[in-house]
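Student: Here it is, the structure, as structure tokens.
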């Protein structure tokens with residue numbers, strides 16, 4: 009039995025609403041839902057080498073004394089074009105955010121140094137958001153001595 013025009017239009021509208029809602033959910037998806045990390049930091053793949061933040065940090069620091077945390081995204085540095093760039097870099101000590109840098113497309117390169125003071129050994133977590141390849145993370149535990 010052929011469908012009535014009303015049934016056809018109703019199905020069409022419901023389908024269109026579902027498609028739009030699905031696309032909206034995908035655009036609003038949590039960027040932290042998929043966190044990329046180098047599977048083997050000693051032997052990164054080309055994609056990991058291009059996106060995972062590389063950290064330069066002393067093996068041991070003194071309690072209460074500032075030290076430099078060097079961060080570079082990409083080896084060589086990640087490209088910075090309007091279509092493909094690092095949007096931001098964030099530094100956390102434990103769960104506390106200590107620095108965040110927003111990068112303009114086709115402008116800034118993803119290279120920075122942050123001065124940090126620790127009172128005790130802690131994990132330092134650096135995240136970088138690529139406009140094409142999502143969120144990347146590198147974590148290092150910094151040991152604090154007397």
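Residue numbers (the working numbering): 9 to 154.
Built from N, CA and C at the ideal position, the CB exists for glycine as well.
The model shown is predicted, which means the values in this text are computed figures rather than measured ones.
Could you check which residue in 111, 62, 100 and 112 has the C-alpha nearest to that of residue 126?
Tutor: What you label residue 126 is simply residue 118 of the chain shown in a count that begins at 1. Closest by C-alpha distance to residue 126, out of 111, 62, 100 and 112, is 100.
Student: Please say whether residue 146 and residue 61 have beta carbons closer to each other than 8 angstroms?
Tutor: Working through the chain shown from its first residue, we reach residue 61 at position 53. Working through the chain shown from its first residue, we reach residue 146 at position 138. Between residue 61 and residue 146, the C-beta gap is smaller than 8 angstroms, which places the two residues in contact.
Student: So, helix, strand or coil for residue 141, using DSSP?
Tutor: For the purposes of this step, residue 141 is identified with residue 133 of the chain shown, where counting begins at 1. Residue 141: coil per DSSP, three-state reduction.
Student: So residue 100 is in the beta strand (DSSP E); what residue range does that whole segment cover?
Tutor: Working through the chain shown from its first residue, we reach residue 100 at position 92. First-last of the beta strand (DSSP E) with residue 100: 94-101.
Student: Enumerate in chain order the residues of its own chain whose CB-to-CB distance from residue 59 is below 6 angstroms, with the five nearest sequence positions on each side excluded.
Tutor: Sequence index remark: in the chain shown, residue 59 carries index 51 (1-based). Once the five neighbours on either side are set aside, the close Cβ partners of residue 59 are 138, 141 and 144.
Student: Pull up the distance between the alpha-carbon of residue 43 and that of residue 12, whole angstroms please.
Tutor: Counted from its first residue, the chain shown places residue 43 at position 35. Counted from its first residue, the chain shown places residue 12 at position 4. Their Cα atoms are separated by approximately 48 angstroms.
Student: So residue 134 and residue 79 are in contact, right, with Cβ under 8 angstroms, and what is the actual spacing, rounded?
Tutor: Counted from its first residue, the chain shown places residue 134 at position 126. Counted from its first residue, the chain shown places residue 79 at position 71. About 6 angstroms; that satisfies the 8 angstroms criterion.
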